[in-house]
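Residue numbers (our numbering): 26 to 351.
Built from N, CA and C at the ideal position, the CB exists for glycine as well.
Please read all numbers here as calculations on a predicted model, not as lab measurements.
Report on the following structure.
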């Protein structure tokens, strides 16, 4: 959609270049991700990889004019290297998500600005339709019906013969080969929250947990709400310790957060590596078994299905008991 937008504006305005920059990352460390950029003589749009390490992207403060457009939500003009630069805020119903930059030899006329504004309203409405169909209305996370397509796309990227990668400094890096991980997150004793405080407070807990998830994972990790108190993460990273570290960060952040009225909330997490030939159901089942193990052994824990199998705590085809732990 971003590529289509910059292509249409280049054809209409014939500028020096058109680009879309998205704001990504955690608050205080937000950065500019180039989503689509087209110069006058470019055959195809260029963009930053979604799997670029955030540290390699420029900070918001590196481009103060863009940041001012983002903060003020207004159209801004400036002159850069002898060219006129016009910045338009890009926003959804929830927030301002980025900036559209048009560079031209002459300042855009009021008529041209109105044309861009009209196109951006169409873009905004279409983005709203996508959000309505693909995102959970309460949390804004992706919804369950978008999961299968993303999962199958991830499986299609897997090598037939996995290559082991390493991350020695404890941070997630772009892996030498593709490794996808699926995690299932379940709020501990969530039924008690609804019973004691009511469903409005329960919804607030779900909303706040979704924000903790956004702050705990990278901007390119896929975060889903599957319904009720169950959440899913589909992410790409180097190896099992790297994935465990990411899920442990969420567990710690959740345990440390003071939820209004409710107080302390914890989560149980299970995760598994996505394997070549996996179906969404088979990978989810492995991660769900690891969640079940966490809940039956004290909750507020993160467990890898593969590690549980290696340690003899469970087998590949272990069945759940009938004990109700939720």
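- Here the alpha carbons of residue 298 and residue 265 stand approximately 8 Å from one another.
- Straight-line spacing of the CA atoms in residue 139 and residue 125 works out to 14 Å.
- The residue among 58, 47 and 81 with its C-alpha nearest the C-alpha of residue 114 is 47.
- Only exposed fits residue 149, as fewer than 16 other CB atoms lie within 10 angstroms of its CB.
- Taking C-alpha positions only, residue 274 is separated from residue 289 by approximately 16 Å.
- In the assembly as shown, residue 238 is a buried residue. Its beta-carbon has 16 or more other beta-carbons within 10 Å.
- In this structure, residue 276 sits near residue 294, with a CB-CB distance shorter than 7 Å.
- The three-state secondary structure of residue 103, taken from DSSP, is strand.
- Under the 8 Å Cβ criterion, the segment 239 to 249 counts as touching the segment 73 to 85, having at least three qualifying pairs.
- With fewer than three CB-CB distances shorter than 8 Å, the segment 168 to 182 does not count as touching the segment 221 to 230.
- With contact defined as three or more Cβ pairs closer than 8 Å, the segment 98 to 111 and the segment 61 to 75 are not in contact.
- Under the three-state reduction of DSSP, residue 74 is assigned to coil, being neither helix nor strand.
- In this model, residue 213 and residue 340 are separated by some 24 Å (Cα to Cα).
- Bridge partners of residue 168 according to DSSP: 250.
- Between the C-alpha atoms of residue 54 and residue 102 there is a straight-line separation of about 25 Å.
- Going by DSSP, residue 94 is part of the alpha helix (DSSP H) stretching over 89 to 97.
- Contact check for residue 309 and residue 207: beta-carbon distance about 7 Å, within the 8 Å limit, so the pair qualifies.
- Around the Cβ of residue 69, a 10 Å sphere holds fewer than 16 other Cβ atoms; the residue is exposed.
- Residue 280 and residue 261 have their C-alpha atoms some 24 Å from each other.
- Of 181, 39 and 74, the smallest CA-CA separation from residue 301 is found for 181.
- By alpha-carbon distance to residue 143, the top candidate from 325, 34 and 91 is 34.
- In this chain, residue 26 is not harboured by any beta strand (DSSP E), its DSSP state being neither H nor E.
- Apart from sequence neighbours up to five positions away, the residues of its chain that approach residue 137 with a beta-carbon distance below 7 Å are 38, ordered along the chain.
- The C-alpha of residue 268 lies about 12 Å from the C-alpha of residue 331.
- Taking the Cα of residue 163 as reference, the smallest distance to any Cα among 29, 314 and 254 is reached at 254.
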